[in-house]
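Protein chains in written order, with this note's numbering: chain A, 302 to 527; chain B, 1303 to 1440; chain C, 8 to 325.
Glycine included, C-beta positions come from ideal geometry on N, C-alpha and C.
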Amino acid sequence: MTEELVPVFIMGKRYDVPSSLTIMKAMEYAGYQLVRGVGCRGGFCGACATVYRLQGDDTLYFGLACQTVVQPNMYLTQIPFFPAQRAEYDISTLQPRPERLFSLYPELLRCLGCGTCTKACPQELDVKGYMAAAMRGDIARVADLSFDCIMCGLCAARCPVGEAQYNIAILCRRLYGRYLAPRSQHLEDRLAEIRAGQFNQALEELKSLSLDELKARYKARQIEPE
Amino acid sequence: MARIRLSGERIRGELVRKIEELSGQNLLACNQCGKCSAGCPAAAVMDLLPNQVIRYAQFGLEEVLAANSIWVCAACQTCYARCPHGVDLPRVMEALRVIALEQQGDRLRPQELDPQKVAELPQLAVVGGFRKFTMMGG
Amino acid sequence: MAIPYYPGCTLSTRGRGYDASGRAVAKALGLELQELQDWNCCGATFPLSMDNLLAMAGPARVLAGARAQGERVATLCAICYNVLKRTNHFLQGDAEKRERINHFIEAQYAGDLRVQHFLEVLRDELGFQALRQRVEEAREATGRSLEGLKVAPYYGCLLLRPQKELQLDDAEDPHILEDLLQALGCQPVDFSHRVECCGSYLLVTSAELAADMSFGVLQSAARSAADLLVTACPLCQYNLDYRQAEMARQHPGFQPLPVLYFTQLMGLALGLDATDWGWELHHVDPRPVLTEHGYGQVFGVRRSEFGGGPQRTPNSEP
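(1) Between the C-alpha atoms of residue 1376/B and residue 35/C, what's the straight-line distance to the nearest angstrom?
(2) With three or more beta-carbon pairs closer than 8 Å as the criterion, would you say the stretch 519–527 of chain A touches the stretch 1330–1343 of chain B?
(3) Which of the three DSSP states is assigned to residue 308/A in this structure?
(4) For residue 82/C, which residues does DSSP report across the bridge?
(5) With a threshold of 16 other CB atoms inside 10 Å of the CB of residue 429/A, please say whether the residue is buried or exposed.
(6) Using a Cβ-Cβ distance under 9 Å, would residue 461/A count as near chain B?
(7) Can you tell me which of the three DSSP states residue 41/C falls into?
(8) Does the stretch 156–176 of chain C come close enough to the stretch 184–195 of chain C to have 3 or more Cβ pairs within less than 8 Å?
(9) Starting from the beta carbon of residue 1418/B, find every residue of chain A whose beta carbon is closer than 8 Å, and list them in chain order.
(10) Could you tell me the distance, in whole angstroms, from the CA atom of residue 193/C to the CA atom of residue 1353/B?
(11) With a threshold of 9 Å between beta carbons, is residue 51/C in contact with chain B?
(12) Identify the continuous beta strand (DSSP E) that holds residue 350/A and give its terminal residues.
(13) Whole angstroms are fine: how far does the CA of residue 340/A sit from the CA of residue 477/A?
(14) Tell me whether residue 1335/B is buried or exposed, calling it buried when 16 or more other Cβ atoms sit within 10 Å of its Cβ.
(15) Start and end of the alpha helix (DSSP H) containing residue 245/C?
(16) What do you get for residue 251/C, buried or exposed, if any count of 16 or more other CB atoms within 10 angstroms of its CB means buried?
(17) So, with DSSP's three-state summary, where would you put residue 448/A?
(18) Tell me the residue span of the beta strand (DSSP E) that contains residue 111/C.
(19) Would you mind telling me which residues of chain A sit closer than 9 Å to residue 1429/B, beta carbon to beta carbon, in chain order?
(20) Just mark residue 451/A as buried or exposed, buried being the case when its beta carbon has 16 or more other beta carbons within 10 Å.
(21) At the level of alpha carbons, what is the spacing between residue 52/C and residue 259/C?
(22) Distance check for residue 54/C and residue 1304/B, CA to CA, integer angstroms please.
(23) With respect to the alpha helix (DSSP H) encompassing residue 1358/B, which residues constitute its N-terminal and C-terminal limits?
(24) For chain B, find out if any of its Cβ atoms is closer than 9 Å to the Cβ of residue 280/C; answer yes or no.
(25) Can you tell which of 191/C, 239/C, 254/C, 241/C has its C-alpha closest to the C-alpha of residue 220/C?
(26) Using a Cβ-Cβ cut-off of 9 Å, state whether residue 1421/B counts as contacting chain D.
(27) Considering only the beta carbon of each residue, do residue 2/C and residue 157/C sit closer than 9 Å?
(28) Kindly identify the DSSP beta-bridge partner or partners of residue 315/A.
(29) Keeping to the same chain, check which residues put their C-beta closer than 6 Å to that of residue 136/C; ignore five residues upstream and five downstream.
(30) Any contact between the stretch 369–387 of chain A and the stretch 331–338 of chain A? By contact I mean 3 or more CB pairs, one from each, below 8 Å.
(31) Would you list the residues sitting across from residue 160/C in a DSSP beta bridge?
(32) Do residue 414/A and residue 95/C count as a contact pair if the criterion is CB distance below 9 Å?
(33) Smallest Cα separation from residue 274/C: which of 8/C, 292/C, 139/C?
(34) Can you tell me which of the three DSSP states residue 266/C falls into?
(35) Would you please verify whether the beta carbon of residue 1338/B is less than 9 Å from any beta carbon of chain C?
(36) Would you verify that the beta carbon of residue 253/C is, or is not, closer than 9 Å to some beta carbon of chain A?
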């Protein structure tokens, strides 16, 4: 059975592609060989940011090419990279203090709070919310609100004052991880156990297994329920 | 002082129209009483006193855009509070800043700020600076 | 009574002491300041150009968010107060532009929120007479009072102007701070520069000019023999306070003047625990003048932890 073909417009040129394809597969179907603008194909790496419009609709839509299914009369282009300010720092010498955000990213204080970034985020993050938290120096809040950021750069692409939201966010997540997150006691305990040699015997046993035995063990391993 | 040439063309010209549109003020409501200049806390360092700024604006003189007056006005609203004709001079100053920024570009660039200073300053000062001295903020 | 409260960005950093003392004072007076959920920067300046709707998106969103949580919002920061109240006034008066902004920020704000400064709440809801009563009670309990302390009530610009929109007090001859200070038992002094500008954000682009403007304010207060100065604005506090060491070097005979938030002084008068009110962020040490009134020990920081500014009376402390 042949699948229904729908018209899509990639960078202005029309292609008829199967209606069930994602934008990324549709581009490949249309003959594009993707080198940039493609990565994990699983919605995590942020390489395939795409903007599109639908005929007769004034909204500008945003999505990841690997996750978004084509629609008839979709006008699209990829924005695999968008240049943004990136401060240089050594996380081990920074202090997790508001002043550090302002001195590394003074343009943070240009944010208008207009929310254009939030509308553009394919991860549906509250980008303006974490920028607001950054402006008051609340690093932990930025880390929390931006946790699912995949650094695709669409927020920066849309910002009227040229913010580098995603770079500010990752600075906060780094500061949070390094200095602010509560230390996990069970991790510390387990590390101590490993150092004390508690798992040496089990490891030795695994190392002595044949490849087939290892494969069988791997298939039978316990997996945490999703 | 250089000679200033006035013309009806300028008085009805593009600059006057733009200032009035951006400020929402009728420039001719000012009768040059000078109370704005008398009370302005930054008047001492201005190239053109506040009442001169509005005079230049009334006549559509481009020179007003080169005066430092529009950049040392802190929008403190003293002039507006005292104007007998209710002219909102802070809005005229803002209109001139917007026009000047369009012509001359931003006057405050994040990368040119001293990082030590930014770390020390209250956010309000920097946010306010960006709003007044760069485009988009206005 | 819980009052929805918008702190503003600077009150979590440089103005931390204003926030902490304001909350403590409010709580002691049965007016708890309850921080809004999820707020953003107000923009720190009200956009004065008629076509600049984009700059109003931020404050408009604050108002819409506050309206969803209640019928009013109070601020401590005079700048936030000015921007939020003026934006509110604009949105109330222009239905067409209000709808455009609503559409952009994806809200349905009708302009029906009350924006208040905490001073208004004290004056109009608690009443300065009742405050005076509470101060008297604290005096009896602690044995300390601010009686006789000469305080310069500094308004600056944005708490008062433009009067037509803010309507907090008379823009040229206000008295709300004087009335408050009297309720605290202090002696407000009259000084010429109480409604003059401190230099505001010119600090960033014309630091010398801003310092001159602040110097004028301090000189004026000094001529009136003030022991200290109070403000309702974290930018005024910074401008007036941070350069006094340099002013003392440049101007022989300059007497440093401590610059406090009015809420800090209120808290002392009410006998509250002032330990964590951001004293380390003040450059000029207020303790020498407050020690005379028995408040020297309540600050919780050592001299060396003050911001490094000059002391009003040299050698008053080892």
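Looking at the coordinates:
(1) Position 74 of the second sequence, counting from 1, holds the residue named residue 1376/B. Position 28 of the third sequence, counting from 1, holds the residue named residue 35/C. Pairing residue 1376/B with residue 35/C, the inter-Cα distance amounts to about 37 Å.
(2) Not touching, per the Cβ criterion.
(3) Taking the first sequence and counting its residues from 1, one reaches residue 308/A at position 7. DSSP places residue 308/A in strand when its eight states are reduced to three.
(4) Within the third sequence, residue 82/C is the residue found at index 75, counting from 1. Note: residue 82/C sits in a beta bridge opposite 13/C, 124/C.
(5) Working through the first sequence from its first residue, we reach residue 429/A at position 128. The residue in question, residue 429/A, is buried, as its Cβ has 16 or more Cβ neighbours within 10 Å.
(6) Translated into positions along the first sequence, residue 461/A becomes position 160. Output row for residue 461/A: interface = yes.
(7) Numbered from its first residue, the third sequence carries residue 41/C at position 34. Of the three classes helix, strand and coil, the one that applies to residue 41/C here is strand, per DSSP.
(8) yes
(9) Here residue 1418/B is taken as the residue at index 116 of the second sequence, counted from 1. Near residue 1418/B (Cβ distances below 8 Å), the residues of chain A are 404.
(10) Here residue 193/C is taken as the residue at index 186 of the third sequence, counted from 1. Here residue 1353/B is taken as the residue at index 51 of the second sequence, counted from 1. So the two alpha carbons sit approximately 40 Å from each other.
(11) Stepping through the third sequence from its first residue, residue 51/C is reached at position 44. True, the Cβ-Cβ gap to chain B drops below 9 Å.
(12) On the first sequence, position 49 is the one that residue 350/A refers to. Its beta strand (DSSP E) spans residues 350–355.
(13) Taking the first residue of the first sequence as 1, we reach residue 477/A at position 176. Taking the first residue of the first sequence as 1, we reach residue 340/A at position 39. So the alpha carbons of these two residues sit roughly 27 Å apart.
(14) If you number the second sequence from 1, residue 1335/B lands on position 33. Burial call: exposed.
(15) Counting from one through the third sequence, the residue named residue 245/C turns up at place 238. Taken as a continuous stretch (DSSP letters only), the alpha helix (DSSP H) holding residue 245/C covers 241–249.
(16) Taking the first residue of the third sequence as position 1, residue 251/C is located at position 244. With 16 or more other Cβ atoms within 10 Å, it is buried.
(17) Position 147 of the first sequence holds residue 448/A. Coil.
(18) Residue numbering aside, residue 111/C sits at position 104 when the third sequence is read from its first letter. Here residue 111/C belongs to no beta strand (DSSP E); instead the alpha helix (DSSP H) covers 102–112.
(19) Working through the second sequence from its first residue, we reach residue 1429/B at position 127. What residue 1429/B touches in chain A: 410, 411, 412, 436.
(20) Here residue 451/A refers to the residue found at position 150 when the first sequence is read from its first residue. Answer is buried; the Cβ neighbour count reaches 16.
(21) The residue given as residue 52/C occupies position 45 in the third sequence. The residue given as residue 259/C occupies position 252 in the third sequence. Each residue's Cα considered, the two are about 36 Å apart.
(22) Residue 1304/B sits at position 2 when you count from the first residue of the second sequence. Residue 54/C sits at position 47 when you count from the first residue of the third sequence. Linking residue 1304/B to residue 54/C through their CA atoms gives a straight-line distance of about 34 Å.
(23) Here residue 1358/B refers to the residue found at position 56 of the second sequence. 1352–1360 is the span of the alpha helix (DSSP H), which, as asked, contains residue 1358/B.
(24) As a first step, residue 280/C must be located in the third sequence, where it is residue number 273. For residue 280/C, the answer is no, since every Cβ of chain B falls outside 9 Å of its Cβ.
(25) Numbered from 1 along the third sequence, position 213 holds the residue referred to as residue 220/C. Checking every option, the nearest Cα to that of residue 220/C belongs to 254/C.
(26) Among the protein chains of the structure shown, namely A, B and C, there is no chain D.
(27) An answer regarding residue 2/C cannot be provided, because it is not within the stretch 8 to 325 covered by chain C.
(28) Taking the first residue of the first sequence as 1, we reach residue 315/A at position 14. In the DSSP output, where bridge partners are listed per residue, residue 315/A has 310/A.
(29) Working through the third sequence from its first residue, we reach residue 136/C at position 129. Cβ neighbours of residue 136/C beyond the five flanking positions: none.
(30) yes
(31) Counting from 1 along the third sequence, the entry for residue 160/C is found at position 153. BP columns for residue 160/C point to 237/C.
(32) By 1-based counting over the third sequence, the position of residue 95/C is 88. By 1-based counting over the first sequence, the position of residue 414/A is 113. No. Outside cutoff.
(33) As a working note, residue 274/C is residue 267 in the third sequence. Ranking the options by Cα distance to residue 274/C, first place goes to 139/C.
(34) By 1-based counting over the third sequence, the position of residue 266/C is 259. Looking at residue 266/C - three-state DSSP - the assignment turns out to be strand.
(35) Taking the first residue of the second sequence as 1, we reach residue 1338/B at position 36. Chain C, which has no Cβ nearer than 9 Å to the Cβ of residue 1338/B, makes this no.
(36) To locate residue 253/C, count along the third sequence from 1; it is residue 246. With 9 Å as the cut-off, residue 253/C does not count as an interface residue toward chain A.
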